[in-house]
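>
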Amino acid sequence: MILLISDLHLEEERPDISRAFLHFLQARASQAEALYILGDFFEVWIGDDAISPFQRSIAQALRQLSDGGTRIYLMHGNRDFLLGQAFCREAGCTLLTDPSRVELGGEKVLLMHGDSLCTRDEAYMRLRRWLRNPLSLFILRHLPLATRHKLARKLRKESRSQTAMKANDIVDVTPAEVPRVMAAQGVRTLIHGHTHRPAEHQLQVSGQPARRIVLGDWDKQGWALQIDGENWQLAPFPLG
Numbered sequence: 001m002i003l004l005i006s007d008l009h010l011e012e013e014r015p016d017i018s019r020a021f022l023h024f025l026q027a028r029a030s031q032a033e034a035l036y037i038l039g040d041f042f043e044v045w046i047g048d049d050a051i052s053p054f055q056r057s058i059a060q061a062l063r064q065l066s067d068g069g070t071r072i073y074l075m076h077g078n079r080d081f082l083l084g085q086a087f088c089r090e091a092g093c094t095l096l097t098d099p100s101r102v103e104l105g106g107e108k109v110l111l112m113h114g115d116s117l118c119t120r121d122e123a124y125m126r127l128r129r130w131l132r133n134p135l136s137l138f139i140l141r142h143l144p145l146a147t148r149h150k151l152a153r154k155l156r157k158e159s160r161s162q163t164a165m166k167a168n169d170i171v172d173v174t175p176a177e178v179p180r181v182m183a184a185q186g187v188r189t190l191i192h193g194h195t196h197r198p199a200e201h202q203l204q205v206s207g208q209p210a211r212r213i214v215l216g217d218w219d220k221q222g223w224a225l226q227i228d229g230e231n232w233q234l235a236p237f238p239l240g
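Just so you know, we're using UniProt numbering here: the sequence shown kicks off at 1 and counts up by one.
(1) Report all residues from its chain with a CB closer than 7 Å to the CB of P238; omit the five preceding and five following residues, and keep chain order.
(2) In three-state terms, what does DSSP make of H192?
(3) Tell me which same chain residues have a C-beta within less than 7 Å of the C-beta of L131, skipping the five on either side of it?
(4) Per DSSP, what kind of secondary structure is K108 in: helix, strand or coil?
(5) Return the chain-ordered ranges of every beta strand (DSSP E) run that is complete within the stretch 32-120 and spans a minimum of 3 residues.
(6) Taking 8 Å as the CB-CB limit, is E200 close to chain B?
(7) Judging by CA-CA distance, which residue of Q226, G47, R180, P175 is the nearest neighbour of H201?
(8) Straight-line CA distance for D217 to L8?
(9) Classify N78: buried if its beta carbon has 16 or more other beta carbons within 10 angstroms, exposed otherwise.
(10) What are the start and end residues of the alpha helix (DSSP H) that includes P134?
(11) Which one or two residues does DSSP pair with P238 in a beta bridge?
(12) Quick one: residues in its chain with C-beta nearer than 6 Å to the C-beta of M112, no 5 flanking neighbours on either side, listed in chain order?
(13) How is the alpha helix (DSSP H) around R180 delimited, first residue to last?
(14) Quick check on the burial criterion: 16 or more other C-beta atoms within 10 angstroms. Buried or exposed for residue 241?
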């Protein structure tokens with residue numbers, strides 16, 4: 001069994017989600033061969049050197065799962081793109097590049113966070129390119145902690161206000177971008193998060209049937225994609 005989740009946005013202000021995640025690790029992920037977390041695992045991450053006691057407790061829970069034999073893979077999201085190797089070593093997980101091509105259920109699958117597919121949101125794409133530039137990342141990681149906290153609060157506030165004003169199609173994936181990326185990667189299945197719109201979409205890629213599976217965010221309920229051989233099931237579950 002393989003499990004894929006995304007967009008938990010873990011933070012101390014949402015203990016219901018944290019409790020549900022810890023229960024998920026014990027009840028389901030401990031039985032899995034692998035757990036993939038496709039970005040926005042934390043609501044905000046300003047650097048491995050700024051890990052809080054809450055975040056460390058999450059890392060310790062992941063380490064316990066990893067020590068039990070479940071492989072854990074973690075991908076950056078737009079909220080936690082500063083997650084680094086120090087956290088991964090502590091948590092016992094492997095950091096994946098975005099995108100990553102892996103084999104799941106006997107087929108090649110493309111894994112992404114999903115924000116890079118939203119090309120119609122030109123303002124966000126410009127910001128994303130700047131934030132993910134290696135020089136920008138180096139500068140951000142070496143800013144004083146107080147400055148990083150202030151910048152993170154500013155970016156979160158601006159993101160929420162701008163998203164609320166944008167049309168729904170602007171903050172969703174660009175339809176033409178999906179088959180283009182899938183064709184370039186040579187896959188017929190894409191799994192991503194980010195949009196908070198869980199669903200399975202059928203499409204055509206290079207004249208062949210293909211599918212795009214969108215993972216759900218953890219808010220009023222949790223979401224997970226479970227793969228058992230040829231059986232793929234995307235389903236919600238109560239956070240309680």
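Cβ atoms here follow ideal geometry from the backbone N, Cα and C, with glycine treated the same way.
If we stick to the structure as given:
(1) Q221
(2) strand
(3) F81
(4) strand
(5) 34-38, 71-75, 94-96, 100-104, 107-111
(6) Absent from the structure is chain B; it holds one protein chain and no more.
(7) P175
(8) 6 Å
(9) buried
(10) 134-141
(11) Q221
(12) D98, P99, H192
(13) 177-185
(14) An answer regarding residue 241 cannot be provided, because it is not within the stretch 1 to 240 covered by the chain.
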